[in-house]
Amino acid sequence: MSGSTQVGSSASSTAKAEPSIAPSSGSGAKGSRSTCWATSSRAEVAADRPVDGSTGAPARAVQQTKDVDPTDDLLSANLRNWDERVPIHTRSRFYDVEHWLQTRPGPRVREIEAIGDVAGLDLVHLQCHFGLDTLAWADAGARVTGLDFSPAAIAAAQALAARAGLAGRASFVCASVYDAARALAPETFDVVYVSLGALCWLPSVGRWADQVAALARPGGRLYLHDGHPMAWSLASDSLALEYSYFEEPTPYVDDSEDTYTDSDAPLANARSYEWNHGIGEVVSALIDRGFRIDRLTEHDWTVHQQFPWLVETVAHHWSAPAGQPRIPLSYTVVATRTP
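Each number in the numbering used here corresponds to the 1-based position in the sequence shown with 12 added.
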């Protein structure tokens, strides 16, 4: 597969890669997999916000690895990768922190419609990156806690909260999402919020659901919006299935040297690992842990040009052209923790 290697190979990727939710300016190599979004991106903005002009980077090529267990070593590699991204992202036009500080757009309309009024509620944002979405919920009146495994991201989130005057209503904790309940104990929450490029970085959706169940109060709600596993199963240049739809023990490896923002800065810690998780696996994991599924919505749009044949219908909403087959590109789960 062009531009990708197996774990342990000495060959390096020659394809410039783009994991993320930035609009992509090019197509991937034939057979490449347009892979996971970044966590907590602000590339998806309210529909009345203008497109920021960021063109992103070409889709990256990845390959499923063989004979590699999803151990902590792989997650440590992802941590090094994300630590390095933080200063690039906080300076980027893609996130446009200064514009966010000036406009304070708040949560997305569809998220408010799904979750409801959060004023006075306790909300935890898992895999929060440097906290823009977390702080948007603080602006909406919630008491927020952001959790991320990157020390660099947490430091940036704390600094941003101080600049925004939200340090008294927002706290940030550095821990693995697989250790979230212990790290945040004894706190539990009215809302568990997970958005855009979270599950793909985790080898086991069951372990993730364990943490969500431990964090949600009885009657508390989960909001999950993520890339659709069907889309991650497709080749980048066609509707042909090329990758597993289901959770596999072996990850996909990517050696991209760039991130998805407008910066050309190469990543020294380029290698990262990703996993796919089927819709049934995600929903069943939640049901098995005491959640009632209130809504499961599959969307025919995503927030970046994941495939070269997608078109932007409104700002940061990409879908198939008119007359072409509609396929699921993202999905939303809203669930309630039963007593």
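Cβ coordinates follow ideal geometry from the N, Cα and C atoms, glycine included. Values in this document were obtained by computation on a predicted structure and should not be read as measured data.
Original post:
Buried or exposed: residue 258, going by 16 or more other Cβ atoms within 10 Å of its Cβ?
Top reply: Walking along the sequence shown from the start, residue 258 turns up at place 246. Classification for residue 258: exposed.
**OP:** Using 10 angstroms around the beta-carbon of residue 197, count the other beta-carbons present and answer buried if the total reaches 16, otherwise exposed.
**Re:** Numbered from 1 along the sequence shown, position 185 holds the residue referred to as residue 197. Exposed, since its Cβ has fewer than 16 Cβ neighbours within 10 Å.
Subject >> Coil, strand or helix - residue 232 by DSSP >> reply: Within the sequence shown, residue 232 is the residue found at index 220, counting from 1. Of the three classes helix, strand and coil, the one that applies to residue 232 here is strand, per DSSP.
**OP:** Report buried or exposed for residue 232, applying the criterion of at least 16 other Cβ atoms within 10 angstroms of its Cβ.
**Re:** Within the sequence shown, residue 232 is the residue found at index 220, counting from 1. Classification for residue 232: buried.
Subject >> Residue closest to residue 212, alpha-carbon to alpha-carbon, out of 237, 132, 195 and 194 >> reply: Working through the sequence shown from its first residue, we reach residue 212 at position 200. Checking every option, the nearest Cα to that of residue 212 belongs to 237.
Original post:
Mind checking whether the beta-carbon of residue 245 lies closer than 6 Å to any heavy atom of the ligand NAP?
Top reply: This structure lacks the ligand NAP; in fact it carries no ligand of any kind.
**OP:** Name the two residues that bound the continuous alpha helix (DSSP H) containing residue 133.
**Re:** In the sequence shown, residue 133 corresponds to position 121, counting from 1. Note, residue 133: premise wrong, no alpha helix (DSSP H); not H, not E.
**OP:** Using 10 angstroms around the beta-carbon of residue 279, count the other beta-carbons present and answer buried if the total reaches 16, otherwise exposed.
**Re:** Counted from its first residue, the sequence shown places residue 279 at position 267. Buried, since its Cβ has 16 or more Cβ neighbours within 10 Å.
Subject >> Residues sharing a beta bridge with residue 222, DSSP >> reply: In the sequence shown, residue 222 corresponds to position 210, counting from 1. None; residue 222 has no bridge partner.
Subject >> Integer Cβ distance of residue 239 from residue 314, believed to fall under 8 Å >> reply: Within the sequence shown, residue 239 is the residue found at index 227, counting from 1. Within the sequence shown, residue 314 is the residue found at index 302, counting from 1. That belief holds up - the Cβ atoms of residue 239 and residue 314 are roughly 7 Å apart, short of 8 Å.
**OP:** Enumerate in chain order the residues of its own chain whose CB-to-CB distance from residue 3 is below 6 Å, with the five nearest sequence positions on each side excluded.
**Re:** The first residue shown for the chain is 13 and the last is 351, placing residue 3 beyond what the model contains.
Original post:
If residue 277 sits next to residue 100, beta carbons under 8 Å apart, how far is it from one beta carbon to the other, in whole angstroms?
Top reply: Taking the first residue of the sequence shown as 1, we reach residue 277 at position 265. Taking the first residue of the sequence shown as 1, we reach residue 100 at position 88. Yes, residue 277 and residue 100 are in contact; Cβ-Cβ is about 5 Å, under 8 Å.
Original post:
Do you know how far the Cα of residue 335 is from the Cα of residue 169?
Top reply: Within the sequence shown, numbered from 1, the residue matching residue 169 stands at position 157. Within the sequence shown, numbered from 1, the residue matching residue 335 stands at position 323. One C-alpha to the other measures close to 43 Å.
**OP:** Please name the residue or residues paired with residue 344 in a DSSP beta bridge.
**Re:** Locating residue 344 in the sequence shown gives position 332, counting from the first residue. 237 and 309.
Subject >> Three-pair Cβ contact test at 8 Å for the segment 89-103 versus the segment 123-138 >> reply: Judged by Cβ distances under 8 Å, the segment 89-103 makes no contact with the segment 123-138, as fewer than three pairs qualify.
**OP:** Give the secondary structure of residue 212 by DSSP, where H, G and I count as helix, E and B as strand, and everything else as coil.
**Re:** Counted from its first residue, the sequence shown places residue 212 at position 200. Helix.
Original post:
Where residue 288 and residue 241 are concerned, what is the direct C-alpha to C-alpha distance, given to the nearest angstrom?
Top reply: Numbered from its first residue, the sequence shown carries residue 288 at position 276. Numbered from its first residue, the sequence shown carries residue 241 at position 229. Rounded to whole angstroms, the separation of the alpha carbons of residue 241 and residue 288 is 6 Å.
Original post:
Any idea if residue 3 is buried or exposed, counting beta-carbon neighbours within 10 angstroms, 16 or more meaning buried?
Top reply: Here the chain has residues from 13 to 351 only, and residue 3 is not among them.
**OP:** Could you name the residues that DSSP lists as bridge partners for residue 330?
**Re:** In the sequence shown, residue 330 corresponds to position 318, counting from 1. According to DSSP, residue 330 bridges with 314 and 324.
**OP:** Mind reading off the beta-carbon distance from residue 203 to residue 157? Whole number of angstroms is fine, and I expect it under 8 Å.
**Re:** Numbered from its first residue, the sequence shown carries residue 203 at position 191. Numbered from its first residue, the sequence shown carries residue 157 at position 145. Between residue 157 and residue 203 the Cβ distance is about 10 Å, and since that is not below 8 Å, they are no contact.
Original post:
Given that a residue counts as buried once 16 or more other Cβ atoms are within 10 Å of its Cβ, and exposed if not, what is residue 108?
Top reply: Here the question's residue 108 lines up with position 96 in the sequence shown. The residue in question, residue 108, is buried, as its Cβ has 16 or more Cβ neighbours within 10 Å.
**OP:** Note down the Cα distance separating residue 42 from residue 249, rounded to an integer number of angstroms.
**Re:** Here residue 42 refers to the residue found at position 30 of the sequence shown. Here residue 249 refers to the residue found at position 237 of the sequence shown. Because the pLDDT at residue 42 is just 24, under 50, the model does not fix this residue reliably, and the point stays unresolved.
**OP:** Using a threshold of 7 Å, state whether the C-beta atoms of residue 119 and residue 171 are closer than that.
**Re:** To locate residue 119, count along the sequence shown from 1; it is residue 107. To locate residue 171, count along the sequence shown from 1; it is residue 159. In this structure, residue 171 does not lie closer than 7 Å to residue 119 by Cβ.
Original post:
What three-state label does DSSP hand residue 252 in the structure shown?
Top reply: Working through the sequence shown from its first residue, we reach residue 252 at position 240. DSSP places residue 252 in coil when its eight states are reduced to three.
Subject >> Given residue 337 as reference, the closest of 298, 312 and 148 once Cα atoms are compared >> reply: Translated into positions along the sequence shown, residue 337 becomes position 325. Cα-wise, what sits closest to residue 337 is 312.
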